[in-house]
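> Sharing a structure with you now.
There are 2 protein chains.
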Amino acid sequence: MASPVNPPRGMRDFLPADKARREHALGIIKNVYRSHGFDEIETPVVEDYARLHAGLGGDNEKLSFSILKRGITADALAAAAAAGNPEQLADLGLRFDLTVPLTRFYASHRAELPSVFRALQIAPVWRAERPQKGRYRQFVQADIDIIGEAGLLAEIELITATSQVLAELGLAGCTIRVNDRRVLFGLLSHCGFESAVHDRALITVDKLDKIGSAGVVDELRELDSVDAETLGVVLAAVEPKLAGDGITLTPQAIEASLPGVAENTGAAAGIESLVELGAALAGALPEGVTIRFDPTLVRGMGYYTGTIFEIAHPGSGSSVG
Amino acid sequence: MASPVNPPRGMRDFLPADKARREHALGIIKNVYRSHGFDEIETPVVEDYARLHAGLGGDNEKLSFSILKRGITADALAAAAAAGNPEQLADLGLRFDLTVPLTRFYASHRAELPSVFRALQIAPVWRAERPQKGRYRQFVQADIDIIGEAGLLAEIELITATSQVLAELGLAGCTIRVNDRRVLFGLLSHCGFESAVHDRALITVDKLDKIGSAGVVDELRELDSVDAETLGVVLAAVEPKLAGDGITLTPQAIEASLPGVAENTGAAAGIESLVELGAALAGALPEGVTIRFDPTLVRGMGYYTGTIFEIAHPGSGSSVG
Numbered sequence: 006m007a008s009p010v011n012p013p014r015g016m017r018d019f020l021p022a023d024k025a026r027r028e029h030a031l032g033i034i035k036n037v038y039r040s041h042g043f044d045e046i047e048t049p050v051v052e053d054y055a056r057l058h059a060g061l062g063g064d065n066e067k068l069s070f071s072i073l074k075r076g077i078t079a080d081a082l083a084a085a086a087a088a089g090n091p092e093q094l095a096d097l098g099l100r101f102d103l104t105v106p107l108t109r110f111y112a113s114h115r116a117e118l119p120s121v122f123r124a125l126q127i128a129p130v131w132r133a134e135r136p137q138k139g140r141y142r143q144f145v146q147a148d149i150d151i152i153g154e155a156g157l158l159a160e161i162e163l164i165t166a167t168s169q170v171l172a173e174l175g176l177a178g179c180t181i182r183v184n185d186r187r188v189l190f191g192l193l194s195h196c197g198f199e200s201a202v203h204d205r206a207l208i209t210v211d212k213l214d215k216i217g218s219a220g221v222v223d224e225l226r227e228l229d230s231v232d233a234e235t236l237g238v239v240l241a242a243v244e245p246k247l248a249g250d251g252i253t254l255t256p257q258a259i260e261a262s263l264p265g266v267a268e269n270t271g272a273a274a275g276i277e278s279l280v281e282l283g284a285a286l287a288g289a290l291p292e293g294v295t296i297r298f299d300p301t302l303v304r305g306m307g308y309y310t311g312t313i314f315e316i317a318h319p320g321s322g323s324s325v326g
Numbered sequence: 006m007a008s009p010v011n012p013p014r015g016m017r018d019f020l021p022a023d024k025a026r027r028e029h030a031l032g033i034i035k036n037v038y039r040s041h042g043f044d045e046i047e048t049p050v051v052e053d054y055a056r057l058h059a060g061l062g063g064d065n066e067k068l069s070f071s072i073l074k075r076g077i078t079a080d081a082l083a084a085a086a087a088a089g090n091p092e093q094l095a096d097l098g099l100r101f102d103l104t105v106p107l108t109r110f111y112a113s114h115r116a117e118l119p120s121v122f123r124a125l126q127i128a129p130v131w132r133a134e135r136p137q138k139g140r141y142r143q144f145v146q147a148d149i150d151i152i153g154e155a156g157l158l159a160e161i162e163l164i165t166a167t168s169q170v171l172a173e174l175g176l177a178g179c180t181i182r183v184n185d186r187r188v189l190f191g192l193l194s195h196c197g198f199e200s201a202v203h204d205r206a207l208i209t210v211d212k213l214d215k216i217g218s219a220g221v222v223d224e225l226r227e228l229d230s231v232d233a234e235t236l237g238v239v240l241a242a243v244e245p246k247l248a249g250d251g252i253t254l255t256p257q258a259i260e261a262s263l264p265g266v267a268e269n270t271g272a273a274a275g276i277e278s279l280v281e282l283g284a285a286l287a288g289a290l291p292e293g294v295t296i297r298f299d300p301t302l303v304r305g306m307g308y309y310t311g312t313i314f315e316i317a318h319p320g321s322g323s324s325v326g
């Protein structure tokens, strides 16, 4: 039985030594991002219930903690019971990410902010997930965002600054894996999937590192068995390259890893953009940080449009950023 | 009408310039307290509902935001409606102070902490108060606590460290007002109040600076009209001294401000302790920080036992700490 003086389930206390380590690391992150022109902001920990459930948060919305209205009447309580919906009694919730608060913040304060706004927010978020090793229900996110700047230039800044953070934290040997949503959609079209099922298919593709190409095909059969097989062949060919040194950011290597896909117009634009990104970053990345193309990198949220990236460190089994 | 992109009612965003000022001030506070041997800890923002409503938080418990259980069944919802109690549906809540979390933290981690533990926690707390000028529903508290050290020595350390914080923040001209709960209870007994009504009487005495001695007498008449008049005479005599330079921390000045009260054993012990405190702090306070006895200083929470103190700054109408 858990001790009655433990923190709430899936949350944790920081003792002085751990807190000092954490503050030290967060201080490094802040300083590097500040030196790249990011300005720190703060928003309240809670947001209006309707905003948290407006669809921007994807599946994370389902994991949000809801806060009871104050002064709920007997009538309101009876109405919620009749509707079988306790969420009617909530008017606020704990944020599940820092993106929803940032969009509200920007809409509210746009007139007071520079035309290109580099935002930094380091703060806790909450998700009512089943607690598991290394995943907590309260955890800190460090978000940087650039609003008002053309796509690729912003991506270059985000990746350069983040790479420097990793180097300053002493996380040597990191690999930045990049992809572009247009490549993903091009890949799915190339294999024959209708655009209506693209989002569902991507959720499965995202599991490649966990369940392998055979597992992905099994799951995709529910959508379309023929297309599943086609995509499975592509993924089976890509899998060993990803497990090895990865796919370098050159047109040749990218096209060789996805034969035929580059003929799709959207995918071609995505590949071109990735190659430009790689060229711009060449020489700008700190010692020991590698950048690689990963055509199976998905990221969960539907709001990503162009470049997506994720950072892996050999000391951690999961993505570190 | 409020803009739909404002933060939730009574909460606020911090734009870069404000956030930078705030972080600068919090950095000073942290550094000074660390240099006095306080160790920073962190606890989750939420605590179990039962713990937040166990009575340690006094009136603040009523102001706490409650978090809905996840996966509430139709039966549980119907039961809450039948009982007319929506709080049955909550299992967590946002903390309303940092003291309740600290006591839980200490109970949980005692074996891993030094025998004299100087804790520093700087973090947000939430209260569902009616928003008003200068009072927010989310605000930051900076708490220092010493656990495991005899009373007076701990008080001296808390006041010395806090005075240095004020000086480093550039808050010149601060006055630390001190009292001792034993003086308050002695005063009430001296005036004839039964101990059963002491807590209620103190809530009224606490309003002296807002409603004056006549106002206090009016409110106290509900408890006991004769005792109210007696206490009113004492308070009316004290009032001009408090409004002036205050009451110096000498036995003579303290006893002169409360004639006859020092004969009460409890009050005498409290006065002796305050005088010792004043002597120990003489010379240890930074330039410009003054310490004064205030027999009407109450502090809301019932968990205070001995010394209580509050800090006033001429630039702020209310207490700053």
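If you read the protein sequences in the order shown, they are chains A and B.
Each residue of the first sequence is one higher than the last, beginning at 6 in the numbering used here.
Each residue of the second sequence is one higher than the last, beginning at 6 in the numbering used here.
Just so you know, even glycine gets a beta-carbon here, dropped at the ideal spot from N, CA and C.
Note that the structure is a prediction, hence the values are computed from the model and not measured.
#1: Whose CA, out of B/296, B/274, B/230, lies closest to the CA of residue 247 of chain B?
#2: So that I know if they touch, is there some Cβ in chain A lying closer than 8 Å to that of residue 57 of chain B?
#3: What's the C-alpha gap between residue 135 of chain A and residue 284 of chain B?
#4: Would you say residue 254 of chain B and residue 314 of chain B are within 8 Å of each other, going by their C-beta atoms?
#5: Could you list the residues in the stretch 122-141 of chain B with a C-beta less than 7 Å from some C-beta on chain A, going in chain order?
#6: Given that residue 72 of chain A touches chain B, what residues does it touch there, using C-beta distances under 8 Å?
#7: State the DSSP-derived secondary structure class of residue 129 of chain B, mapped to helix, strand or coil.
#8: Taking 6 Å as the limit between beta carbons, can you name the residues of its chain near residue 28 of chain B, skipping five residues before and five after?
#9: Since residue 143 of chain B meets chain A, which of its residues come closer than 7 Å, beta carbon to beta carbon?
#10: Can you tell me where the alpha helix (DSSP H) with residue 40 of chain A in it begins and where it stops?
#11: Between which two residues does the beta strand (DSSP E) containing residue 71 of chain A stretch?
#12: Within 8 Å of any Cβ in chain B, is that where the Cβ of residue 26 of chain A sits?
#13: Kindly list, in the order they appear in chain B, the residues whose Cβ is closer than 7 Å to that of residue 113 of chain A.
#14: Within 10 Å of its beta-carbon, does residue 47 of chain A have 16 or more other beta-carbons around it, so buried, or fewer, so exposed?
#15: Give me the DSSP bridge partner(s) of residue 182 of chain B.
#16: According to a CB-to-CB cut-off of less than 7 Å, which residues of the stretch 83-96 of chain A neighbour chain B?
#17: Considering only their Cβ atoms, is the gap separating residue 171 of chain A from residue 316 of chain A smaller than 8 Å?
#18: Taking 8 Å as the CB-CB limit, is residue 147 of chain A close to chain B?
#19: If you count every other CB in all the chains shown that lies within 10 Å of the CB of residue 160 of chain A, and 16 or more means buried, which is it?
#20: Measuring only between beta-carbons, confirm whether residue 3 of chain A sits less than 8 Å from chain B.
#21: Quickly, what does DSSP pair residue 147 of chain A with across the bridge? List them, please.
#22: Could you round the C-beta distance between residue 105 of chain A and residue 45 of chain A to whole angstroms and report it? I think they count as a contact, below 8 Å.
#23: So, does the CB of residue 227 of chain B fall closer than 8 Å to a CB anywhere in chain E?
#24: Mind checking who residue 99 of chain A pairs with in its DSSP beta bridge?
#25: From residue 6 of chain B to residue 257 of chain B, what does the alpha carbon distance come to, in whole angstroms?
#26: Alpha carbons only, please: which of B/292, B/54, B/210 is nearest the one belonging to residue 180 of chain B?
#27: Contact defined as beta carbons within less than 8 Å: I believe residue 290 of chain A pairs with residue 182 of chain A. What is the distance between those atoms, to the nearest angstrom?
#28: Could you give the first and the last residue of the continuous alpha helix (DSSP H) run that contains residue 275 of chain B?
#29: If you reduce the DSSP assignment to three classes, tell me which class residue 46 of chain B lands in.
#30: Under a three-way DSSP split, which group does residue 304 of chain A fall into?
#31: List the endpoints of the continuous alpha helix (DSSP H) containing residue 198 of chain A.
#32: Residue 137 of chain A bridges to which residues according to DSSP?
#33: Taking only beta-carbon positions, decide if residue 21 of chain A is within less than 8 Å of chain B.
#34: Spatial neighbours of residue 174 of chain A within its chain, please: C-beta separation below 7 Å, excluding the five flanking residues on both sides.
#35: Alpha carbon to alpha carbon, what distance is there between residue 156 of chain B and residue 224 of chain B?
#36: Nearest CA to the CA of residue 66 of chain B: which residue from B/101, B/21, B/144?
Reading it off the structure:
#1: Comparing C-alpha distances from residue 247 of chain B to each of B/296, B/274, B/230 shows the shortest one belongs to B/296.
#2: The Cβ of residue 57 of chain B sits no closer than 8 Å to any Cβ of chain A.
#3: When the Cα atoms are used, residue 135 of chain A and residue 284 of chain B turn out to be separated by approximately 56 Å.
#4: Not in contact: residue 254 of chain B and residue 314 of chain B (Cβ atoms no closer than 8 Å).
#5: So the close ones are 129, 133.
#6: Neighbours of residue 72 of chain A on chain B, chain order: 70, 71, 72, 73, 99.
#7: Judged by DSSP in its simplified three-state form, residue 129 of chain B adopts strand.
#8: So no residue of the chain qualifies.
#9: The answer, in chain order, is 49, 50.
#10: Judged by DSSP secondary structure, residue 40 of chain A falls within the alpha helix (DSSP H) whose first and last residues are 21-40.
#11: Unbroken beta strand (DSSP E) run through residue 71 of chain A: 71-73.
#12: Not an interface residue.
#13: What residue 113 of chain A touches in chain B: 8, 10, 11, 18.
#14: That one is buried.
#15: DSSP lists B/297, B/315 as partners of residue 182 of chain B.
#16: Cβ contacts with chain B come from 83, 85, 86, 89, 91, 94, 95.
#17: The answer is yes: Cβ separation under 8 Å.
#18: So, not an interface residue.
#19: Residue 160 of chain A is classed as buried because its beta carbon has at least 16 other beta carbons within 10 Å across all chains shown.
#20: With chain A covering 6 to 326 only, the question about residue 3 of chain A has no answer from this structure.
#21: According to DSSP, residue 147 of chain A bridges with A/127.
#22: The C-beta distance from residue 105 of chain A to residue 45 of chain A rounds to 18 Å, too long to meet the 8 Å contact threshold.
#23: The structure shown contains no chain E; the protein chains it does contain are A and B.
#24: Residue 99 of chain A pairs with A/51.
#25: Annotation note: pLDDT 44 at residue 6 of chain B (below 50); position unreliable, no value reported.
#26: When each option's Cα is compared against that of residue 180 of chain B, the closest is B/292.
#27: Contact between residue 290 of chain A and residue 182 of chain A is absent: CB atoms are separated by about 13 Å, not below the 8 Å threshold.
#28: Per DSSP, residue 275 of chain B belongs to the alpha helix (DSSP H) from 270-286.
#29: Residue 46 of chain B: coil per DSSP, three-state reduction.
#30: Assigned with DSSP and collapsed to three states, residue 304 of chain A falls in coil, not helix or strand.
#31: Counting along the chain, residue 198 of chain A sits inside no alpha helix (DSSP H), nor does DSSP assign it H or E at all.
#32: DSSP lists A/140 as the bridge partner or partners of residue 137 of chain A.
#33: It does: the Cβ of residue 21 of chain A has a partner Cβ on chain B nearer than 8 Å.
#34: If the five residues before and after residue 174 of chain A are omitted, its C-beta is found closer than 7 Å to the C-beta atoms of 30, 33, all from its own chain and listed in chain order.
#35: Rounded to the nearest angstrom, the two C-alpha atoms are 34 Å apart.
#36: It is B/101.
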